[in-house]
Amino acid sequence: MPELPEVETVRRGLEPALVGRRIKSVRLNRPDLRFPFPAQLAETVTGKRVTALRRRAKYILIELESGHALLVHLGMTGRFTVWPPDGAARNLGEFYYVEQAGHAGDGAHDHVVIDLDDGARVVYTDPRRFGFMDLVEPDGADHNRFLVGLGVEPLGNELHADFLGTALAGRRSPLKAALLDQRIIAGLGNIYVCEALYRAGLSPKRLSGSIVRKRGPSPRIEPLVHAIRSVIAEAIEAGGSTLRDYAHTDGSAGDFQQRFDVYDREGEACRTPGCTSRIRRIVQSGRSSFYCPTCQR
DNA sequence: CGGGACTCCTGCCAGC
DNA sequence: TGCTGGCAGGAGTCCC
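Each residue of the first sequence is one higher than the last, beginning at 90 in the working numbering.
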């Protein structure tokens, strides 16, 4: 899936097409994605004006004048395409394979088709169907099953050394698992956790609690916080990463992946000046972790 | 409760 | 060229 920087890139791309527009109609081409669509989805959304597009962690929230919001998670392969009134498609997250031209909402994996009052069409496409949608009731963000329990935003003020130290203290899981845990920091995924741990010089295998001192300051926490912030901020700045099947808002490639120091670089040279080690790949709880065995301890 | 394995689904890619 | 197995950015659920 797109991680937070990719979701933010999609949000920014969708914003000018949707905000201020009224939704004329919604077509669901199947009853479910990962989960069934809410029964009231179409009738709740139809006829409403879009007031804002927001992001929380890896969720996109399409806010409506009624106070409801359509919550969208892109899963691993979800994307939006905007078809303006003039017909030329604009891709908001693109796959590496090419769909047949002219399928504005009728492609094999086009699951949701939203028509707007200006004639534009917004299509949600998701081959793997790991994505999902939900309705958030007015003032219901604190109760929504997907939003409740989410941790802090990596770029928000709530992520600081005291917070992270408290969250990691006593944890017996590897650091990698803790940083992927959306209940602590919401929005980090496999790629950026690997990159942040490299920048912080911390091994993904190290136990979470081991970087927290029981008394006094824990000098390894602040560099980790900084590493998380910097890698996420830079990735957003670059327009996200184009992995095997994801691209930039306007169809061009996001280029942060060219700056990966460890992710998907197994066997390649560590980029730390003077280090002669090669990047290793291990599997932790079913996911690949990439790291430098010399620079990350 | 914390932690880990498993699962959903489709498609690509390396290897034979 | 064609088939097979392994792998993929997520996260809910189940089990210990």
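A virtual CB, placed ideally from N, CA and C, is assigned to each residue, including glycine.
Because the structure is a prediction, the values reported are computed rather than measured.
Sorted by chain position, which residues of the same chain lie with C-beta nearer than 7 Å to LEU122's C-beta, five sequence neighbours on each side aside?
Only HIS200, ASP215, ARG218, GLY220, PHE221 and MET222 meet the Cβ criterion.
With 16 other Cβ atoms within 10 Å as the buried cut-off, status of LYS303:
Exposed, since its Cβ has fewer than 16 Cβ neighbours within 10 Å.
Check this for me: beta carbons of TYR287 and CYS364, under 8 Å apart or not?
Going by C-beta atoms, TYR287 is not nearer than 8 Å to CYS364.
Helix, strand or coil at TYR213 according to DSSP, with G and I counted as helix:
Of the three classes helix, strand and coil, the one that applies to TYR213 here is strand, per DSSP.
For ARG318, name the three-state secondary structure that DSSP assigns.
Here ARG318 sits in helix by DSSP.
Taking LEU296 as the reference, give the member of ALA275, ALA266, GLY276 and GLY290 with the closest Cα.
If we check each option's Cα against that of LEU296, ALA266 comes out closest.
Rounded to whole angstroms, what's the CA-CA distance from VAL211 to GLY276? Just pull it up for me.
Distance between the alpha carbons of VAL211 and GLY276: 24 Å.
In the structure shown, what three-state DSSP assignment does ILE368 receive?
Here ILE368 sits in coil by DSSP.
Can you list, in chain order, the residues of its chain with a C-beta nearer than 7 Å to that of ILE273? Leave out the 5 residues immediately preceding and following it.
Closer than 7 Å at Cβ, skipping near neighbours: GLY240, ALA256 and ALA267.
Which residues bound the beta strand (DSSP E) around TYR352?
Premise fails: TYR352 is in no beta strand (DSSP E) and is neither H nor E.
Starting from ILE149, follow the beta strand (DSSP E) in both directions and report where the run begins and ends.
That run of the beta strand (DSSP E) goes 148-153.
With 16 other CB atoms within 10 Å as the buried threshold, where does ALA146 fall?
Around the beta carbon of ALA146, 16 or more other beta carbons sit within 10 angstroms, so the residue counts as buried.
Hey, VAL171 and ALA106: beta-carbon distance below 8 Å or not?
Against a cut-off of 8 Å, the Cβ pair of ALA106 and VAL171 comes out as a contact.
Would you check if the distance between the CB atom of ILE79 and the CB atom of GLU97 is smaller than 8 Å?
Residue 79 lies beyond the range of the chain shown here (90 to 386); nothing can be said about it.
Work out the CA separation of LYS113 and PRO91 for me, nearest whole Å.
Those two C-alpha atoms are separated by around 28 Å.
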